[in-house]
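The opening position of the sequence shown corresponds to residue 6 in this note's numbering, with each subsequent residue numbered one higher. Here's the structure we're looking at; comments come further down.
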Amino acid sequence: MKKTALLLALLLALSGCQPAAPVEAQNGGSASSAAEESAPASGPADEDPREDPAPQADASYVDAPEPDEPPQTTVGAIELPAEPASSNAGYSVDLLTPAQYDLYYPLNRGGYRQFQTADFFPLGQGGKYAVANRNGRLLTNVEYELGIEGWNSIDGMVPLKKDGKAGAIDAADGSVLVPFEYDDVWCASGSDGSGLYRVQKGDAVEMIDRTGVTRFSMERGDDFTALKKRFVLYKDGMLRFYNQQYSPIANFACDGMEVVSSPRTNEGGRDLIAFDYEGAWGLADSDGKFLTDPVYDEIGYFTGSYAVVTQNGKRGIINDRGKVVVKPEWDDITLYKSSASVCKDNRWGVITDIDSGEPAVKPSYDYIMGFGDYGYACFERNGKFGIMDKEGNEIVPARYDGTLSTSRSLDKGYYILESGDGPFNSGIVDGRGRVIIPTDHYVQPGADGEKLNLVLTPSGKWGFANDRGQFVIDAQFENASPFISGKNVAFVQKDGKICLVNRKGELVLKTVFSDLIGYNPDTMVCAMEYTAADGTVKGCLVKVNLPA
């Protein structure tokens, strides 16, 4: 019986026993009845002192070797000027390779290209690629096809293809992580330091470790996820949980699963799995312990410690222990980082203390957005937008045609105003209604406490505005990226050349290069393009040196 299998698996897990092999699913029974007999866990399980040390870390922890000798110049290389840059004292560039490579642009999924960051560099010649690490050291010959979009590895792994077969190398030192003998290679879903790789030949899918040992075998329709300290496999109607040594610790029968919280995607969250049993959803932790019975129509993804659930067509909120904190009595709920907007009869209110379950602002608005920096939220009334605090006091009346948002990159009382869906649709206003930057601009707020905001003007030029919307570096650049954290400089393009600008607006480094395709913000190794007088374009690797 399906019920018997589920109950046996749960009792084994709760008693500390580890089955030698996963319990097989059988027909019939109820998942919820087994959960009633084994109370949901009140918190995460204690670490098992008998567990062996974790398996080898993923490739992202491997030291990246420095460049030694530059690669040989090949046919088709462009000769660079003797002085590739002019600069202020302390700034300089070192050429790491000749200008002889084709640099590809990763797929642009919308927005402005700017200058991408990278932790490896693909260097092309004749349709094949070599790979250099973040320090600019060439790791491979020019013999691969790329198997990944963008220039950032996946847990330190770079998927590639060679002679039509897929494999993977370490982004730091170039060692082969997965031999080139598969149809497809990827990191394990959810992987964050697990060191497992998903490889496929035909319909057969395996999870192998860095030594090439197969740890899990799957077929089409199976689902595998690497959690922080556990592995979860859904196979043959059974949800199976394993520790880091690949030993089974729990399993139970269900009809499907979804990882609804993980520290990788939900900052501050824990690993949680929603499981489907005969059309109803329950919640389990990473040890396979039930936190809720399967009683919900739907369990949403967690934001922090909370998730929206649907029951009998109404919505509520549960916490990451499975406790109902907002009763399922609302028509709709939008969950934000520190609040929940709730709807009844097409009117919106807001709950600012989610654990209380009570709205601080009763449903009376067209909509209320999430509370952001400074504890303010944008609200809508009669098609106009304003700002309120967490007590529901309207700080800025509903006077604007577009949404307002706060940012730590702006001083308190200044807001980013967005209006429309075009390429230029944002500006900066203050609480008194003054327009500092009109909405025919594009404003990119500074991140992580950065007070200089990138602004694109209707003329197509970029500049930098301070926390009150005043331009402190004039809009004069064809392209620009935010200031690099901890370095007080930003890459810009002026008069068709790549430069560095400081916070005073001074061009402290002017290069001969026409474009910057990607750079590593830690090592300051850059993939630059040079355009010759005849229009030929070739790329090279350059290291930018900053004052000590």
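Ideal Cβ placement from N, Cα and C applies to all residues, glycine included.
Mapping DSSP to helix, strand and coil, what is ASP520?
strand
Continuous beta strand (DSSP E) stretch holding MET529: start and end
That residue, MET529, is in no beta strand (DSSP E); it is neither H nor E in DSSP.
Taking just the CA atoms, how far does GLY354 sit from ALA365?
8 angstroms
Go ahead and label VAL80 buried or exposed: buried means 16 or more other beta carbons lie within 10 angstroms of its beta carbon, across all protein chains shown.
exposed
Would you check if the distance between the CB atom of LEU546 and the CB atom of CYS531 is smaller than 9 angstroms?
yes
With which residues is ASN138 paired in a DSSP beta bridge?
PHE125
Would you report the Cα separation of PHE502 and ILE489, rounded to the nearest angstrom?
Contrary to the premise, residue 502 reads as Lys rather than Phe in this sequence. Cα to Cα, LYS502 sits roughly 19 angstroms from ILE489.
Residue of THR216, GLY200, ALA193 minimising C-alpha distance to SER210
The sequence shown places Val at residue 210, rather than the Ser named in the question. Nearest option by C-alpha distance: ALA193.
In this structure, what does DSSP give as the bridge partners for LEU151?
LEU165
Measuring only the C-alpha atoms, how far is TYR134 from ILE373?
50 angstroms
Beta strand (DSSP E) segments (min. 3 residues) lying fully within the stretch 450-491:
458-461, 467-470, 476-482
What number of angstroms, rounded off, separates the C-alpha of PRO45 from the C-alpha of TYR301?
Model confidence at PRO45 stands at a pLDDT of 36, short of 50, so the residue's coordinates are unreliable and nothing is read from them.
Look up GLY375 in the DSSP assignment and say whether it is helix, strand or coil.
coil
Report the three-state DSSP secondary structure of SER361 (helix, strand or coil).
Of the three classes helix, strand and coil, the one that applies to SER361 here is helix, per DSSP.
Measure the CB-CB distance between LEU521 and MET533 and report whether it falls below 9 angstroms.
Yes, Cβ-Cβ distance for LEU521 and MET533 is below 9 angstroms.
So which of SER369, CYS259, VAL448, TYR405 has the shortest CA-CA distance to ARG473?
VAL448
Between which residues of its own chain and VAL497 is the CB-CB distance below 6 angstroms, once the five residues before and five after are set aside?
Spatial neighbours of VAL497 in its own chain (CB-CB distance under 6 angstroms, excluding positions within 5 residues in sequence) are listed in chain order as PHE482, ALA485, CYS504, VAL506.
With a 10 Å radius around its C-beta and 16 neighbouring C-beta atoms as the bar for buried, classify TYR149 as buried or exposed.
When all chains shown are included, TYR149 counts as buried.
Note down, in chain order, each residue of its chain lying with its Cβ closer than 7 angstroms to the Cβ of VAL329, except the 5 sequence neighbours on either side.
These residues qualify, in order along the chain: GLY321, ILE323.
So, with DSSP's three-state summary, where would you put GLY132?
Note: GLY132 maps to coil in three-state DSSP.
Excluding the 5 residues flanking ASP479 on each side, which residues of the same chain have their C-beta closer than 6 angstroms to its C-beta?
These residues qualify, in order along the chain: GLY468.
Can you give me the Cβ contacts of LYS509 inside the same chain, cut-off strictly under 7 angstroms, excluding the 5 residues immediately before and after it?
Shown here for LYS509: not one same chain residue has a beta carbon closer than 7 angstroms to its own, the five before and five after excluded.
Secondary structure at GLY380, three-state DSSP: helix, strand or coil?
helix
Excluding the 5 residues preceding and the 5 following ALA50 in the sequence, name in chain order all residues of the same chain whose CB lies nearer than 6 angstroms to its CB.
Bear in mind that a pLDDT of 37 at ALA50, under 50, signals an unreliable position, so the number given afterwards is only what the model happens to contain. Same-chain partners within the cutoff: ASP292.
Between MET529, GLU283, GLY432, which has its C-alpha nearest ALA123's C-alpha?
MET529
Reference SER266; option with closest CA among ASN256, GLY380, THR308:
THR308
Rounded to whole angstroms, what is the Cα-Cα separation between ALA553 and GLN119?
27 angstroms
Based on Cα-Cα distance, which residue from LEU85, LEU459, VAL264 lies nearest to ASP290?
VAL264
Test item: CB-CB of SER346 and ILE359 under 9 angstroms
With contacts defined by Cβ atoms closer than 9 angstroms, SER346 and ILE359 do not form a contacting pair.
In three-state DSSP terms, what is LEU232?
coil
What is the C-beta distance between LEU340 and VAL314, in whole angstroms, given that I count them as a contact (C-beta under 8 angstroms)?
Contact flag wrong, Cβ pair sits at about 11 angstroms.
Just grab the DSSP bridge partners of ASN550 for me.
For ASN550, which the question treats as bridged, DSSP gives the partners SER97.
Extent of the continuous beta strand (DSSP E) run through CYS348:
345-349
Within its chain, find whatever has a CB closer than 6 angstroms to the CB of PRO111; leave out the 5 residues flanking it on each side and keep chain order.
The beta carbon of PRO111 lies closer than 6 angstroms to those of GLU154, GLY155 in the same chain, with the five residues before and after it left out.
Is it buried or exposed for SER414, if we count other Cβ within 10 angstroms and need 16 for buried?
Flag for SER414 reads buried.
Closest by C-alpha distance to LYS395, when choosing among ASP73, ASP378, LEU461:
Closest by alpha carbon: ASP378.
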